Amino acid sequence: MNGENLKHKPVLLEEVLSVIKPKAGEVYFDTTFGWGGYTAKILDSCACKVIAIDQDPSTKKQANEFKKKYGERFEFIQSKFSQISNVLQKLDIKKVDGFMFDIGVSSMQLDNPERGFSFNKDGPLDMRMSSDGLTAAEFIKSIDESELADILYNYGDERKSRRIARYICQSRSESNIDTTLQLASIVEKANPKKHNHKKHSATKTFQAIRIFINDELRELFNGLSAAEESLNVNGKICVVTFHSTEDKIVKNYFNKSSGSDPSNYKNLPTSKNESSHSLIPFKKAIKPTDNEISENIRSRSAKLRWAKKTDAKPNKFTLDDIGFKELN
Ligand SMILES: C[S@@+](CC[C@H](N)C(=O)[O-])C[C@H]1O[C@@H](n2cnc3c(N)ncnc32)[C@H](O)[C@@H]1O
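FYI, in my numbering the residues of the sequence shown are 385 to 712.
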């Protein structure tokens, strides 16, 4: 459960802990349990409680081990960000002192070819974090070419989105695209890797499809909103993201909840109206040290943003209000 057996190396762990500053008797919520790296660190630091969720059914086995070790100080429910309020209701917990979101895929998901997340290992084109919904193969089979291009552009920042979408749709008319390596090689043909370019040419395409089929952006937004609703005054929301689209959602969400929405300067906080804003964000994103990056290359693109809850009621707003058009 710890040390050398860790299957997923938690990213920015010390930094998250130094923001949360766990205290005995308090309740924390790990929204992305995974292999339990954040949860273990918090539970080992003092006599507090952690509620954890993960939408991936394969995390239940590790959660059972945690239950044996930590007893009543730990609760796990297989669930999603959008269900956080229901989870708290079910456990009869009114308020939480800190939320942690460690967005994206775990090493267990990425490294298991059967899950279909990796363009380096052959496996079924699945990419679902939970076990329900459309697989990536089913999505590719049915999506319209121009919608696919929009998804690649908006969710993967893929500049060659139209060309890649055209190649994918041409290929699927010849034969089904059922495996990860099939998709990776089609994208490589559409977008050959430039000399000395470190990233695989299918990186952005895989990212975009994964984000879309798991509805990750809406989930993140709903998760932030549920967390803000149930935070105690002075409680913290910590979010670790791995690419710019997610980071922008977090940054814009925190800005909007703190009143410093750049698109609406009338809402800028002043000494008079500051107390009417529900969150105070720490303005700068925290990044991993060179040391962490050298020990764990997957941490290289991570960013931690956090915000503190005030005593004001959260304002209601939508993804659209923070500059994100929903594509589905
Ligand atoms: C990067 S891993 C978390 C690793 C964890 N912090 C650890 O130390 O092991 C992300 C996890 O979040 C889960 N996840 C992603 N989106 C989710 C969502 N909307 N609701 C619940 N779990 C989610 C994934 O299934 C995955 O297990």
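Using N, Cα and C, we set each Cβ at its ideal position, and we do this for glycine too.
Small disclaimer: the values here were computed from a predicted structure and weren't measured.
key: Separation of E522 from E399, as counted between CA atoms   = The residue given as residue 399 occupies position 15 in the sequence shown. The residue given as residue 522 occupies position 138 in the sequence shown. Each residue's Cα considered, the two are about 39 angstroms apart.
ask   = With 16 as the cutoff for other CB atoms within 10 Å, does A431 come out buried or exposed?
value = Reading the sequence shown from its first residue, position 47 is the one you call residue 431. Around the beta carbon of A431, fewer than 16 other beta carbons sit within 10 angstroms, so the residue counts as exposed.
ask   = For F503, does the three-state DSSP call read helix, strand or coil?
value = Your numbering for residue 503 matches position 119 in the sequence shown. Of the three classes helix, strand and coil, the one that applies to F503 here is coil, per DSSP.
task = Assign D704 to one of three DSSP states: helix, strand, or coil.
result = Within the sequence shown, the letter at position 320 stands for residue 704. Three-state DSSP puts D704 in a helix.
Where N448 sits in the DSSP three-state scheme = Indexing the sequence shown from 1 puts residue 448 at position 64. Reduced to three states, the DSSP call for N448 is helix.
query = With a Cβ-Cβ cutoff of 8 angstroms, do I524 and I561 count as a contact?
reply = Residue numbering aside, residue 524 sits at position 140 when the sequence shown is read from its first letter. Residue numbering aside, residue 561 sits at position 177 when the sequence shown is read from its first letter. In this structure, I561 lies closer than 8 angstroms to I524 by Cβ.
query = At what residues does the alpha helix (DSSP H) containing D414 begin and finish?
reply = One-based indexing of the sequence shown puts residue 414 at position 30. Taken as a continuous stretch (DSSP letters only), D414 belongs to no alpha helix (DSSP H), being part of the beta strand (DSSP E) at V411 to D414.
request  = Helix, strand or coil for V489, going by three-state DSSP, please let me know.
outcome  = On the sequence shown, residue 489 is found 105 positions in, with the first residue counted as 1. In the structure shown, V489 sits in coil (DSSP, three-state: anything other than H, G, I, E or B).
request  = May I ask you to check if the CB of I437 is nearer than 7 angstroms to at least one heavy atom of ligand 1?
outcome  = The residue given as residue 437 occupies position 53 in the sequence shown. Checking the Cβ of I437 against ligand 1 gives yes.
request  = May I ask you to report which of helix, strand or coil DSSP gives L688?
outcome  = Taking the sequence shown and counting its residues from 1, the one referred to as residue 688 is at position 304. If DSSP states are grouped into helix, strand and coil, L688 belongs with the strands.
Q462 - partner residues in DSSP beta bridges = As a first step, residue 462 is located in the sequence shown; it is residue number 78 there, counting from the start. BP columns for Q462 point to D438.
task = Could you name the residues that DSSP lists as bridge partners for P508?
result = The residue labelled residue 508 in the question sits at position 124 within the sequence shown. The partner list for P508 (beta bridge, DSSP) reads T563.
query = Run through DSSP, which three-state label would T654 get?
reply = For the purposes of this step, residue 654 is taken as residue 270 along the sequence shown, with counting starting at 1. Residue placement at T654 cannot be trusted, given a pLDDT of 45 that sits under 50; the coordinates are not used to answer.
ask   = Between the segment 602-613 and the segment 553-560, do three or more beta carbon pairs fall short of 8 angstroms?
value = no
ask   = Among all the DSSP beta bridges, which residues are the ones paired with G517?
value = If you number the sequence shown from 1, residue 517 lands on position 133. None, per the DSSP bridge assignment.
Opening and closing residue of the beta strand (DSSP E) in which G619 lies = For the purposes of this step, residue 619 is taken as the residue at position 235 of the sequence shown. Note, G619: beta strand (DSSP E), L615 to T625.
query = Rounded to the nearest angstrom, how far is the Cβ of L518 from that of I597, given a contact under 8 angstroms?
reply = In the sequence shown, residue 518 corresponds to position 134, counting from 1. In the sequence shown, residue 597 corresponds to position 213, counting from 1. The Cβ separation is near 6 angstroms, so the contact holds.
query = Is L427 near V624, with beta carbons less than 8 angstroms apart?
reply = Taking the first residue of the sequence shown as 1, we reach residue 427 at position 43. Taking the first residue of the sequence shown as 1, we reach residue 624 at position 240. It is not a contact, given that the beta carbons lie outside the stated cut-off.
query = Quick one: Cα of E542 to Cα of F605, how far?
reply = As a working note, residue 542 is residue 158 in the sequence shown. As a working note, residue 605 is residue 221 in the sequence shown. If I take the Cα positions, the gap works out to 22 angstroms.
request  = Mind the definition here: the segment 404-422 touches the segment 682-689 only if three or more C-beta pairs lie below 8 angstroms; say whether that holds.
outcome  = No contact exists between the segment 404-422 and the segment 682-689.
task = List the endpoints of the continuous beta strand (DSSP E) containing L663.
result = If you number the sequence shown from 1, residue 663 lands on position 279. Counting along the chain, the beta strand (DSSP E) containing L663 begins and ends at L663 to P665.
task = In the DSSP assignment, find the unbroken alpha helix (DSSP H) run with K635 in it and report its ends.
result = By one-based count along the sequence shown, residue 635 stands at place 251. Where K635 is concerned, the enclosing alpha helix (DSSP H) stretches over S628 to S642.
query = Roughly how many whole angstroms lie between the Cα atoms of L532 and A549?
reply = As a first step, residue 532 is located in the sequence shown; it is residue number 148 there, counting from the start. As a first step, residue 549 is located in the sequence shown; it is residue number 165 there, counting from the start. Using only the alpha carbons, I get a separation of about 6 angstroms.
request  = Measure how close the beta-carbons of K693 and S662 come, nearest whole angstrom, since I'm counting them as under 8 angstroms.
outcome  = Stepping through the sequence shown from its first residue, residue 693 is reached at position 309. Stepping through the sequence shown from its first residue, residue 662 is reached at position 278. With a Cβ gap of about 7 angstroms, K693 and S662 count as contacting.
ask   = Alpha carbon to alpha carbon, what distance is there between M492 and K668?
value = Here residue 668 refers to the residue found at position 284 of the sequence shown. Here residue 492 refers to the residue found at position 108 of the sequence shown. Whole-angstrom Cα-Cα distance: 30 angstroms.
message = Bridge partners for F605 per DSSP, in chain order?
response = As a position in the sequence shown, residue 605 is number 221, starting the count at 1. Answer is none; F605 lacks a bridge partner.
request  = Please go through the same chain and pick out, in chain order, the residues whose beta-carbon is closer than 7 angstroms to the beta-carbon of K425, but skip the five residues on each side of it.
outcome  = For this step, residue 425 is matched to residue 41 along the sequence shown. So the list reads L397 and L401, once near-sequence residues are dropped.
key: Identity of the residue in I461, E498 and G418 nearest T564 by Cα   = Taking the first residue of the sequence shown as 1, we reach residue 564 at position 180. Nearest C-alpha to T564: E498.
ask   = Less than 7 angstroms between the CB of E679 and some heavy atom of ligand 1, yes or no?
value = Taking the sequence shown and counting its residues from 1, the one referred to as residue 679 is at position 295. Answer for E679: no, Cβ out of range of ligand 1.
ask   = Who are the near neighbours of C622 in its chain, counting only those whose CB is closer than 6 angstroms to its CB and skipping five residues on each side?
value = Taking the sequence shown and counting its residues from 1, one reaches residue 622 at position 238. In its chain, beyond the 5 residues on either side, V400, V403, M484 and W690 have a beta carbon closer than 6 angstroms to the beta carbon of C622.
key: Near ligand 1: E600 beta-carbon under 7 angstroms from a heavy atom   = The residue given as residue 600 occupies position 216 in the sequence shown. Yes, the beta carbon of E600 sits closer than 7 angstroms to at least one heavy atom of ligand 1.
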